[in-house]
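Residues 253 to 584, numbered by the working numbering, are exactly what the sequence shown covers, in order. Each residue gets a CB set at the ideal place from its N, CA and C atoms; glycine is no exception. Report on one structure; see the data block that follows.
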Amino acid sequence: MQRMVSGMRSTGKLHLGHYLGVIDNWLKLQNEYECYFFIADWHALTTKYDKTETLKQDVLEVAMDWLAAGIDPEKATIYVQSQVPEIAELHIYLSMITPQNWVERDPTLKDMAKILKSKEGMASQINYGLMGYPVLMSADIMMFNADFVPVGIDQVAHVELTRDITRRFNNIYNTDFFHEAQPKLNECSLICGLDGNKMGKSFNNDIKISDTAEVTAKKVMSAITDRSRMRKYDPGHPEDCEVAFKYWKIFGSEDEVETVRCECEKGARGCADCKRQLGAKINERFAQIRERRRYYEEHPEVVKQILADGSAKARKEAQNILREVKNIIGMY
Ligand code: TRP
Ligand code: SF4
Numbered sequence: 253m254q255r256m257v258s259g260m261r262s263t264g265k266l267h268l269g270h271y272l273g274v275i276d277n278w279l280k281l282q283n284e285y286e287c288y289f290f291i292a293d294w295h296a297l298t299t300k301y302d303k304t305e306t307l308k309q310d311v312l313e314v315a316m317d318w319l320a321a322g323i324d325p326e327k328a329t330i331y332v333q334s335q336v337p338e339i340a341e342l343h344i345y346l347s348m349i350t351p352q353n354w355v356e357r358d359p360t361l362k363d364m365a366k367i368l369k370s371k372e373g374m375a376s377q378i379n380y381g382l383m384g385y386p387v388l389m390s391a392d393i394m395m396f397n398a399d400f401v402p403v404g405i406d407q408v409a410h411v412e413l414t415r416d417i418t419r420r421f422n423n424i425y426n427t428d429f430f431h432e433a434q435p436k437l438n439e440c441s442l443i444c445g446l447d448g449n450k451m452g453k454s455f456n457n458d459i460k461i462s463d464t465a466e467v468t469a470k471k472v473m474s475a476i477t478d479r480s481r482m483r484k485y486d487p488g489h490p491e492d493c494e495v496a497f498k499y500w501k502i503f504g505s506e507d508e509v510e511t512v513r514c515e516c517e518k519g520a521r522g523c524a525d526c527k528r529q530l531g532a533k534i535n536e537r538f539a540q541i542r543e544r545r546r547y548y549e550e551h552p553e554v555v556k557q558i559l560a561d562g563s564a565k566a567r568k569e570a571q572n573i574l575r576e577v578k579n580i581i582g583m584y
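Structure follows, in structure tokens:
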């Protein structure tokens, strides 16, 4: 079976953007490929090395969201990056063969650096570790000799660099050991935040997988609608309804979306009612997931055990690969 590796940084509780954009895909992939899904706590450290109070809990929150969503430890290997130290060793070998200008031209990294520079006092956060971000990511992928890497479009440049590093390794050491991993773009509906911008944890515009039904309903009530609509029975313009109607298209059936569209255009549907229904619809979709999440919240020891078992399993395979790699390089 072909292999897949993908990871998410340990950023704490995940939102619907993560769910629809990434996890929903993984649910299918875990049936079709040999999957390695991991929580990238080292990558989280590249920008949050001085804010580590919540790091352990952040890892658990991500794991709980995955498990609740249906990522199945019987199918996929679920592990924590830092629990597989072989990745760090492979990262050293890769860092030796990666030209400095390759990482400097990585567009995603350039963007991250630009954002950090623009924030007061953050320029010093552009550290050596952050420059190595894509090389560490290459180590994540090559550690299991992956064939595919399911990622969002923003990560494709990193995977391209991984392919360059793979080719270079194979060339330098005259081997065909490493497979050139291909990015596999997530098929997903992009969901915007409640304010119409990109959904993000730090923008205060997200709905969390773990939010209660009440909190979700309240958040949905704040979603932007058709801004030109003044009164409840004015005809509305669903296509200009910046957030609510877009959500309907993601969470409603075709019939429901058509009903909303017609009633809105005729002025037969008020925005408050419309969003009340929408909130209920979203809650319906996540009810089971949230119930499962509550189980894991009440049993953190179960989650920790799953991560420990997955990490041990991943580590075993990583050790096999590393032994081979050291042999190829000619290490002592
Ligand atoms: N950089 C990815 C992100 O921010 C997370 C990640 C780290 C990753 N290592 C990876 C994704 C390896 C795929 C493969 O989303
Ligand atoms: Fe948007 Fe619904 Fe209001 Fe129409 S009725 S503008 S679809 S929230």
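- The set of residues with CB atoms less than 6 Å from any heavy atom of the ligand SF4 reads, in chain order, Thr-477, Asp-478, Arg-481, Gly-488, Pro-490, Cys-493, Ala-496, Phe-497, Val-512, Cys-516, Arg-521, Cys-523, Cys-526, Lys-527.
- Taking a cut-off of 8 Å on C-beta distances, the stretch 552–570 does not touch the stretch 479–495, as fewer than three cross pairs fall below it.
- Rounded to whole angstroms, the separation of the alpha carbons of Asn-423 and Asp-317 is 41 Å.
- Residue nearest to Met-364 within the set Leu-346, Asn-353, Met-383 is Met-383 (criterion: CA-CA distance).
- With a cutoff of 7 Å, Ile-502 does not count as near the ligand TRP, since its C-beta is closer than that to no heavy atom of the ligand.
- Taking non-hydrogen atoms of the ligand TRP into account, the C-beta of Ala-566 is found less than 7 Å away from none of them.
- Scanning its chain for C-beta atoms nearer than 8 Å, with the 5 sequence neighbours on each side dropped, one finds around Leu-279 the residues Ala-321, Gly-322, Ile-323, in chain order.
- Shortest Cα-Cα distance from Arg-537 to any of His-431, Glu-412, Tyr-499 involves Tyr-499.
- In the three-state scheme derived from DSSP, where H, G and I count as helix and E and B as strand, Met-256 is classed as strand.
- The alpha carbon of Lys-303 has as its nearest neighbour, out of Pro-351, Ser-505, Gly-404, Ser-262, the alpha carbon of Ser-262.
- Taking 4 residues as the minimum length, the alpha helix (DSSP H) runs contained wholly in the stretch 296–352 are 307–321, 338–349, in order along the chain.
- Proximity of the beta carbon of Arg-546 to the ligand TRP is not indicated: no heavy atom of the ligand is located closer than 7 Å.
- Between the ligand TRP and Val-314, a heavy atom-to-CB distance of less than 7 Å is absent.
- Residue burial annotation: Met-389 is buried, with at least 16 other C-beta atoms found within 10 angstroms of its C-beta.
- Within 10 angstroms of the beta-carbon of Gln-557 lie fewer than 16 other beta-carbons, which makes it exposed.
- Look at Asp-392: its beta carbon is less than 7 Å from one of the heavy atoms in the ligand TRP.
- Distances between the C-beta of Gly-259 and the heavy atoms of the ligand TRP include at least one below 7 Å.
- Comparing alpha carbon positions, the residue from Met-583, Asp-358, Thr-298, Asn-426 closest to Leu-413 is Asp-358.
- Short of 6 Å from the beta carbon of Ile-378, and not among the five residues preceding or following it, lie these beta carbons of its own chain, in chain order: Ala-365, Leu-368.
- Burial state of Thr-350 is buried, judged by a 10 Å Cβ sphere holding 16 or more other Cβ atoms.
- Beyond the five residues adjoining it in sequence on each side, His-489 comes within less than 6 Å, by CB distance, of Asp-478 in the same chain, given in chain order.
- Assigned with DSSP and collapsed to three states, Pro-386 falls in helix.
- The residues Ile-580, Ile-581, in chain order, have a CB closer than 7 Å to that of Tyr-425 in the same chain once the five nearest residues on each side in sequence are set aside.
- Ranked by Cα distance from Met-473, the first of Asp-447, Ile-461, Thr-511 is Asp-447.
- Under the rule that a run must span 4 or more residues, the alpha helix (DSSP H) segments found entirely inside the stretch 467–505 read 496–503.
- Ranked by Cα distance from Ile-461, the options Tyr-271, Met-256, Gln-309 are led by Tyr-271.
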